[in-house]
Structure formats: structure tokens, C-alpha cells
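K.L.:
At the far end of the sequence shown sits residue 374, using my numbering, and the numbering has no gaps.
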Amino acid sequence: MSTTEMNRSQIIVRTSIIGILANVFLASFKAVTGLLTHSIAIVLDAVNNLSDATSSLITIIGTRLAGKEPDRKHPFGHGRIEYLSAMVIAVIVLYAGITSFVESVKKILDPAAPEYTTVSLIIVAAGVLVKVFLGRYVKSVGEKVNSDSLVNSGEDATLDSIISASTLVAALIYLKFGLSLEAWLGAIISVVIIKSGVEMLRETISHLLGEPGDVQLVRDIKATVNSFPEVQGSYDLILHNYGPDTYQGSIHIEVADTLSVDELDQLTRKIFQKVLQENNVALTGIGVYSFNTKDPEAAEVRGKVHQIVLSHQYVKQVHGFYLDRENKAIRFDAVISFDAPSRQETFWQVCEDVQKAFPEYRVEAAMDIDFNEV
Numbered sequence: 001m002s003t004t005e006m007n008r009s010q011i012i013v014r015t016s017i018i019g020i021l022a023n024v025f026l027a028s029f030k031a032v033t034g035l036l037t038h039s040i041a042i043v044l045d046a047v048n049n050l051s052d053a054t055s056s057l058i059t060i061i062g063t064r065l066a067g068k069e070p071d072r073k074h075p076f077g078h079g080r081i082e083y084l085s086a087m088v089i090a091v092i093v094l095y096a097g098i099t100s101f102v103e104s105v106k107k108i109l110d111p112a113a114p115e116y117t118t119v120s121l122i123i124v125a126a127g128v129l130v131k132v133f134l135g136r137y138v139k140s141v142g143e144k145v146n147s148d149s150l151v152n153s154g155e156d157a158t159l160d161s162i163i164s165a166s167t168l169v170a171a172l173i174y175l176k177f178g179l180s181l182e183a184w185l186g187a188i189i190s191v192v193i194i195k196s197g198v199e200m201l202r203e204t205i206s207h208l209l210g211e212p213g214d215v216q217l218v219r220d221i222k223a224t225v226n227s228f229p230e231v232q233g234s235y236d237l238i239l240h241n242y243g244p245d246t247y248q249g250s251i252h253i254e255v256a257d258t259l260s261v262d263e264l265d266q267l268t269r270k271i272f273q274k275v276l277q278e279n280n281v282a283l284t285g286i287g288v289y290s291f292n293t294k295d296p297e298a299a300e301v302r303g304k305v306h307q308i309v310l311s312h313q314y315v316k317q318v319h320g321f322y323l324d325r326e327n328k329a330i331r332f333d334a335v336i337s338f339d340a341p342s343r344q345e346t347f348w349q350v351c352e353d354v355q356k357a358f359p360e361y362r363v364e365a366a367m368d369i370d371f372n373e374v
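In C-alpha cells:
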């Protein structure tokens, strides 16, 4: 594990421990207060604090497991365990919302008059302040170190502060007007918690399924690759995420058709090292597109092909062009947008139009996906 990874892991664990201590402390006071005042809202608030403490514990376990070194069975490391721990936290939030809703409905059907005291209200008010600051702190740290688990825990803490504040408002209304709204309020808040849990779960599943790389990271990698004078362009960057901040990928570079195999070997090795040092991404595959330098008419054909291909609405890019006069072939790749009604149909139309313009050549085209939408 690198020094950066160790520092990140230590920050996540330290933040989670702070969350556990704060939530256990609040849960203890709120549980006693809720039982003494017969307040279902305060008792549910205490349960939510315990669920937050559990979430923080899961974050610690997930971070520790994710930091394990790669082994024979998992050669890409264990970083994705962090996504699984974030999913567990989302499920806990969802479960807490559902159980809170059920208990609130029970209290609506069979209400019990709460008995608030000044001490109980002070405890609830203090809990609101603690959860507001805790939620902001945990979420900000999570965003800084790119930890979904911490971000989810921070959002959960923020929701709990809203619950506590609502409980306090309900108590004041009861003391002022004798109207008990806490069960109804609990039901409404439970729906908000359920919605939040579903959103957390959806986002985490999306990470596991695979999302495009961060836009800025993609631009930085391409800038690094394009900084080599031999590289005329970089395309088809694919990033595979094996946990937060852990990427491997592949890319195509466009170089002159005069480069020897030895020169290409040296170039790709230099690119690999520089991208790893500057962008912390291992490019495990570097493919090559060659462009014509020996045929003066190739540039004219290239311009016409680009014009034809890019005239189609859903074509985002054309690259990898090469004119092979000896074998009478025109090669290129066309990137078709996901917005196209039929990507395959758009690609066929592109090929057909190029073939009509150059009937004496065989069109060898490939349909590319813009994996990063940049």
C-alpha cells in the first residue's frame, strides 16, 4: 500500500471513529430521554444514532479490507470493497427509514401523550447541533478523500439532524397548543429517509456497474499522452475502476507510419511511466493508429472522409484514418453518440456514404464508443 493510500485510509478510519463516539453518546442520552418522556420520535432518533454508529463501524471494516494488498485470487486489489460497504450503509439507512415509518404509523393509530421536560428538550437541541456539525464534517472529509461510505454517513447524519430538529418543533407545538404531531412528523421524515436510502443505493450500484472516468482525469491523461512529440492524437481511453482513486486503462495513440517497432516500444514505455507518475493511472494497453506520411494525396482523402463522416448528426468524432493504396482500403474509426436512435444504423449509413464517395476502395471502419463522453 502506497503512502497516499495509507494516509487516505487513516483519515477515513479516524473520521469514522469520531462518528461512532458522537453517535453512541447521543444515542444513550436520547434513548433514556425518549423512554422517560414516552416520545416515539426521540426514541426513533436514538435508534437512528445507533444506525449511524453502525455505519461508521462498517466504513472502518470496509476501508481496512479494501486496503489489503493484491493476491493471486484478486490481482487488481480489494478496493471495490469500499463500494460494498457504502451499499451496506445505504441498506441500513433504507431499513431505518422503513422501520421508522412502521413505528410512526403505529403511533398514529394508537397515540400516547408525550411528557416533555426542559432537560429532554435541551438534550434534543444539543443533538441537533452535534449532528449538523458531524454531518458536514464527515461528508466534507468523504468528498475530499473520495469515499462513498463517508459521504453516505455524512448525508445520513444530516438527515438525522433534520429529524431531531423536527422532533424539537413537534415538542414545542405540543407544549404550546397541546397538539401531538410527532407521529405524523415521524412518518413524513421516514419517507425522506427511505428516499435518501434508495438514492444512496442507486449511486453505489452505479459505481459497481461501471461509470465513465472523471472528466478532469480523462483530460489530464490525454494531455500527458499528447505531450510526447511523436503522438499526433490520443483516442479510445478506457478506464477501469478498482476502487476509489484506483484506475487501470488503455488508450490508442496516433503516430507516423515511419516509426519502427523499436521506436514504438520505447515510446509506449515512456508513456506508461509518465501517466503512472503524473496521473496515478496504469495504462496496461497502448494501441497504435498510424497516419500517412509517404502518400501526398492521403491528406486530401482524409479531409474528404472526415467531412463525410462528421456530416452525420450523431457522429462525435472520427480518428485512426489511414489510406492503404496497395490493398485499396480506407481505414477509420467513428465514435457514435449514445443519443443516436440506432447507433448501428448510423454507423452503417456512415460507411455507405464513404463507400459511395470512394467506390474504388474497400471501407474498413470500426464503430467506437465514447466511454468518457469528453
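Glycine included, C-beta positions come from ideal geometry on N, C-alpha and C.
#1: Considering only DSSP beta bridges, list what G233 is partnered with.
#2: Classify D110: buried if its beta carbon has 16 or more other beta carbons within 10 angstroms, exposed otherwise.
#3: Quick check on the burial criterion: 16 or more other C-beta atoms within 10 angstroms. Buried or exposed for M1?
#4: Cβ-heavy atom distance between I221 and the ligand ZN below 7 Å?
#5: Would the beta-carbon of L150 fall within 8 Å of that of T258?
#6: Counting beta carbon pairs with one atom in the segment 167 to 176 and one in the segment 113 to 124, are three or more of them shorter than 8 Å?
#7: Could you tell me how far apart the beta carbons of V24 and L94 are, in whole angstroms, since I believe they sit closer than 8 Å?
#8: Rounding to the nearest angstrom, what Cα-Cα distance links P359 and L283 in this structure?
#9: Would you identify the three-state DSSP class for D370, choosing helix, strand or coil?
#10: Taking 8 Å as the cut-off, decide whether the C-beta atoms of H312 and Q344 are in contact.
#11: Less than 6 Å between C-beta atoms, sequence neighbours within five positions excluded: which residues of the same chain meet that for L185?
#12: Kindly list the residues whose CB is nearer than 7 Å to the CB of K274, restricted to its own chain and excluding five residues on each side of it in sequence; keep chain order.
#13: Mapping DSSP to helix, strand and coil, what is D333?
#14: Give the DSSP bridge partners of Q277, in chain order.
#15: Note down the Cα distance separating V43 from S337, rounded to an integer number of angstroms.
#16: On the DSSP letters alone, give me the boundaries of the beta strand (DSSP E) that V145 sits inside.
#17: Please classify V102 as buried or exposed, where buried requires at least 16 neighbouring CB atoms within 10 angstroms.
#18: To the nearest angstrom, how far is it from the Cα of H207 to the Cα of E278?
#19: Return helix, strand or coil for A340, following the three-state DSSP convention.
#20: Which residue or residues does DSSP assign as beta-bridge partners of N241?
#21: For the segment 26 to 35 against the segment 47 to 57, are there 3 or more C-beta pairs whose distance is under 8 Å?
#22: According to DSSP, which residues form a beta bridge with S290?
#23: Taking the C-alpha atoms as reference points, what is the distance between K144 and I11?
#24: In the DSSP output, which residue or residues are listed as bridge partners for V119?
#25: Rank N226, H306, A298 by C-alpha distance to the C-alpha of F272 and give the top, closest one.
#26: State the start and end residues of the unbroken alpha helix (DSSP H) segment that holds G320.
#27: For the segment 81 to 93 against the segment 51 to 67, do three or more pairs of beta-carbon atoms, one drawn from each stretch, fall closer than 8 Å, so that the two count as touching?
#28: Helix, strand or coil: how does DSSP classify E69 here?
P.N.:
Taking the structure as given:
#1: As computed with DSSP, G233 is found in a beta bridge with E254.
#2: Exposed, since its Cβ has fewer than 16 Cβ neighbours within 10 Å.
#3: A caution first: M1 carries a pLDDT of 49, below 50, which makes its placement in the model too unreliable to give a value.
#4: This structure does not include the ligand ZN; it has no bound ligands of any sort.
#5: A distance of 8 Å or more separates the beta carbons of L150 and T258.
#6: Yes, the segment 113 to 124 touches the segment 167 to 176.
#7: Rounded, the Cβ-Cβ distance is 22 Å, inconsistent with contact.
#8: Near 38 Å, if we compare the C-alpha coordinates of L283 and P359.
#9: Here D370 sits in coil by DSSP.
#10: Contact check for H312 against Q344 fails: the beta carbons are separated by 8 Å or more.
#11: In the same chain as L185, and ignoring 5 residues on each side of it, the C-beta atoms closer than 6 Å to its own belong to S166, A170, in chain order.
#12: Closer than 7 Å at the Cβ level, and outside the excluded window around K274, lie T224.
#13: Residue state, collapsed to three classes: strand.
#14: Q277 is not bridged to any residue.
#15: Spanning the two alpha carbons is a distance of roughly 52 Å.
#16: First-last for V145: undefined, no H or E at that position.
#17: With fewer than 16 Cβ atoms within 10 Å of its Cβ, V102 is classed as exposed.
#18: The straight-line gap from Cα to Cα measures roughly 24 Å.
#19: When DSSP states are grouped into helix, strand and coil, A340 belongs to the coil group.
#20: According to DSSP, N241 bridges with Y247.
#21: Because the criterion of three Cβ pairs below 8 Å is met, the segment 26 to 35 and the segment 47 to 57 touch.
#22: Its beta-bridge partners are V255.
#23: Counting only the Cα atoms, I11 lies some 10 Å from K144.
#24: None, per the DSSP bridge assignment.
#25: Ranking the options by Cα distance to F272, first place goes to N226.
#26: For G320, no alpha helix (DSSP H) segment is defined; the enclosing uninterrupted segment is the beta strand (DSSP E) at 315 to 324.
#27: These segments touch.
#28: Coil at E69, not helix or strand.
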